[in-house]
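Asker:
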Amino acid sequence: MEEKNILIVDDEQFIRDLYSQAFSRAGYKVKTAGSAEEALDILRKDKYLVMFLDLNLPGMNGIDLCRQIRKNYPMAITYAVTGNASLFELSDCRDAGFEDYFIKPVKLSVLFEAADSAFKKLERWKNNNSSSKLHSK
Amino acid sequence: MKILVAEDDITSRAILQAILQKWGYEVIITCDGNEAWKALQENDAPQIALIDWEMPEIDGTALCRKLRVQERKYPLYLILLTSKDEREDIVQGLEAGADDYITKPYDNQELRARVNVGQRMIKLRNELRERDVLKGVLEMAGAVCHELNQPLQSVSGFSELLLLDMDNGDPNYETLKKIKAGVERIGKLTHKIMGISKYRAKEYMNGKRTIVDIDKSAESDQ
């Protein structure tokens with residue numbers, strides 16, 4: 033079984049700490065980034081297929097980051113987590129390629145379910161078509 | 002709808018009152034400019050006023066001018082009643098701040114039509130005002146909620162984590178659960194505020210002031 037890696041992108045340190053602690057406790061390997069640019073940098077080096085992105089980021093916002101990720105890594109499953117629902121509409125998020133959209137404060141159990149379903153989906157895709165290029169860019 | 006009449010002549014006043022009431026208006030009667038001014042300072046003052054030009058104390062144009070420099074909570078539609086029909090008079094009346102005028106002796110149907118125009122204008126201005134208020138409320142609400150949601154996430158998330166690691170026999174378990182429930186309640190409130198799509202106010206402190214009614218403002222129109 034592959035390692036379950038999750039990438040968290042949020043500009044607030046305490047939110048990164050929280051999600052990092054929570055997902056680690058749930059058995060995932062977590063990496064965090066404070067900006068979209070940092071996230072793209074991490075993705076160039078390591079493989080992450082499940083991500084939770086804050087939308088209101090300094091520099092490149094979460095919507096554009098998601099578009100970029102989906103372009104570079106089509107198999108990635110991304111979730112939006114935002115504190116300001118009025119700034120970004122659900123339809124914008126779906127259009128950018130987000131799997132789902134959560135408004136802070138969100139229960140950790142809800143995020144755990146999301147992560148679990150994402151990895152199950154990845155597993156199923158992998159088994160359905162072992163020749164699919166899950167890992168290719 | 003309320004309408005204010007400012008007319009010093011007793012007969013004209015009685016006729017105006019009778020026909021306006023017949024048309025379904027609630028008529029506030031005043032006998033001179035001063036009285037009209039006072040009546041228009043009330044909290045629930047009428048938004049349409051029929052003002053006679055020539056009155057003792059403050060005359061019609063002076064009253065219009067005085068009202069127009071005032072910052073008012075609700076828009077006001079002013080119709081001057083005048084026996085003057087020279088072009089300069091009309092210009093003077095409109096420049097003083099009147100929205101419209103009607104020349105005496107007036108035709109009832111014309112009066113009714115002009116009052117109806119006033120009603121339409123007031124409706125439109127009220128809607129514009131509501132839109133302005135709503136815009137301000139939404140911008141403020143979005144900004145405040147965003148700022149609140151971040152720390153709320155931290156408190157609710159960390160308390161959830163603590164609960165996961167805590168034995169439910171622990172003396173702090175129930176306390177922590179209450180903290181978490183309280184924070185989740187605030188979270189529901191911020192979500193509701195972010196869903197505000199229109200401006201609805203409610204009375205607060207026995208009507209001394211109004212505040213945004215979050216539940217009604219966040220309700221869907223469908």
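Quick note, the sequences are listed as chains A and B, same order. By the count of the numbering used here, the first sequence reaches residue 169 at its end, each step adding exactly one. By the count of the numbering used here, the second sequence reaches residue 223 at its end, each step adding exactly one. Here a beta-carbon is modelled for each residue, glycine too, at the ideal position from N, C-alpha and C.
1) Kindly identify the DSSP beta-bridge partner or partners of B:Asn150.
2) How big is the Cα-Cα spacing for B:Gln151 and A:Ser52?
3) For a cutoff of 8 Å on Cβ pairs, would you count B:Gly188 as touching chain A?
4) Could you tell me if A:Met83 is buried or exposed, where buried requires 16 or more neighbouring beta carbons within 10 angstroms of its beta carbon?
5) With 8 Å set as the bound, which would you pick, yes or no: does the beta-carbon of A:Asn116 sit closer than that to a beta-carbon of chain B?
6) So is B:Leu112 in contact with chain A if we call contact Cβ pairs under 8 Å?
7) What is the rounded straight-line gap between the Cα of B:Gln48 and the Cα of B:Arg186?
8) Under 8 Å between beta-carbons, which chain A residues line up against B:Gln184? List them in chain order, please.
9) To the nearest angstrom, report how far apart A:Ala58 and B:Glu140 are at their CA atoms.
10) Based on the DSSP output, what are the partners of A:Asn37 in its beta bridges?
11) Give me whichever residues DSSP pairs with A:Val142 in a beta bridge.
12) Check this for me: beta carbons of B:Leu5 and B:Ala50, under 8 Å apart or not?
13) Note down, one range per segment and in chain order, each alpha helix (DSSP H) of at least 4 residues found wholly within the region 57-138 of chain A.
14) For A:Gln100 and chain B, any beta-carbon pair shorter than 8 Å?
15) Below 8 Å between beta carbons is the criterion; list the residues of the region 129-153 of chain A that meet it against any residue of chain B, in chain order.
16) Of all Cβ atoms in chain A, is any one closer than 8 Å to the Cβ of B:Ser218?
17) Looking at B:Trp24: is its Cβ nearer than 8 Å to the Cβ of B:Arg113?
18) Just mark B:Ser160 as buried or exposed, buried being the case when its beta carbon has 16 or more other beta carbons within 10 Å.
19) Determine, for A:Leu89, whether the minimum Cβ-Cβ distance to residues of chain B falls below 8 Å.
20) Say yes only if the C-beta of B:Ile123 is nearer than 7 Å to one or more non-hydrogen atoms of the ligand FAD, and no if none qualify.
21) Report yes if the C-beta distance between B:Gly98 and B:Arg69 is below 8 Å; otherwise report no.
22) Give the straight-line distance between the Cα atoms of B:Ile80 and B:Arg132, rounded to the nearest whole angstrom.
23) Would B:Asn207 pass as an interface residue toward chain A - the criterion being a Cβ-Cβ separation below 8 Å?
Answerer: A quick look at the data gives this:
1) Counted from its first residue, the second sequence places residue 150 of chain B at position 149. For B:Asn150, which the question treats as bridged, DSSP gives no partner whatsoever.
2) Taking the first residue of the second sequence as 1, we reach residue 151 of chain B at position 150. Taking the first residue of the first sequence as 1, we reach residue 52 of chain A at position 20. Those two C-alpha atoms are separated by around 15 Å.
3) Along the second sequence, read from residue 1 onward, the residue named residue 188 of chain B stands at position 187. True, the Cβ-Cβ gap to chain A drops below 8 Å.
4) The residue given as residue 83 of chain A occupies position 51 in the first sequence. By the 10 Å Cβ count, A:Met83 comes out buried.
5) Numbered from its first residue, the first sequence carries residue 116 of chain A at position 84. Yes - at least one Cβ of chain B is within 8 Å of the one on A:Asn116.
6) What you label residue 112 of chain B is simply residue 111 of the second sequence in a count that begins at 1. Not one chain A Cβ lies under 8 Å of B:Leu112.
7) The residue labelled residue 48 of chain B in the question sits at position 47 within the second sequence. The residue labelled residue 186 of chain B in the question sits at position 185 within the second sequence. Between B:Gln48 and B:Arg186, the C-alpha separation is close to 41 Å.
8) Looking up residue 184 of chain B in the second sequence gives position 183. Here residue 184 of chain B turns out to be Val, not Gln, going by the sequence shown. The answer, in chain order, is Pro137.
9) Position 26 of the first sequence, counted from the start, is the residue given in the question as residue 58 of chain A. Position 139 of the second sequence, counted from the start, is the residue given in the question as residue 140 of chain B. Each residue's Cα considered, the two are about 37 Å apart.
10) Here residue 37 of chain A refers to the residue found at position 5 of the first sequence. Bridge partners of A:Asn37: A:Lys61.
11) To locate residue 142 of chain A, count along the first sequence from 1; it is residue 110. According to DSSP, A:Val142 bridges with nothing at all.
12) On the second sequence, residue 5 of chain B is found 4 positions in, with the first residue counted as 1. On the second sequence, residue 50 of chain B is found 49 positions in, with the first residue counted as 1. It is a contact, given that the beta carbons lie within the stated cut-off.
13) 68-77, 94-104 and 122-128
14) Translated into the one-based positions of the first sequence, residue 100 of chain A becomes position 68. False, the Cβ-Cβ gap to chain B never drops below 8 Å.
15) Ile135, Lys136, Pro137, Val138, Lys139, Leu140 and Ser141
16) Start at 1 with the first residue of the second sequence, and residue 218 of chain B comes out as number 217. So no, B:Ser218 is outside the interface.
17) Here residue 24 of chain B refers to the residue found at position 23 of the second sequence. Here residue 113 of chain B refers to the residue found at position 112 of the second sequence. Yes, the Cβ-Cβ distance between B:Trp24 and B:Arg113 is below 8 Å.
18) Your numbering for residue 160 of chain B matches position 159 in the second sequence. It is buried - the Cβ of B:Ser160 has at least 16 other Cβ atoms within 10 Å.
19) Here the question's residue 89 of chain A lines up with position 57 in the first sequence. No, because no Cβ of chain B sits closer than 8 Å to the Cβ of A:Leu89.
20) In terms of ligand content, the structure shown is empty, and the ligand FAD therefore cannot be addressed.
21) Numbered from 1 along the second sequence, position 97 holds the residue referred to as residue 98 of chain B. Numbered from 1 along the second sequence, position 68 holds the residue referred to as residue 69 of chain B. Yes.
22) In the second sequence, the residue the question calls residue 80 of chain B occupies position 79. In the second sequence, the residue the question calls residue 132 of chain B occupies position 131. Rounded to whole angstroms, B:Ile80 to B:Arg132 spans 26 Å at the Cα level.
23) Position 206 of the second sequence, counting from 1, holds the residue named residue 207 of chain B. So, not an interface residue.
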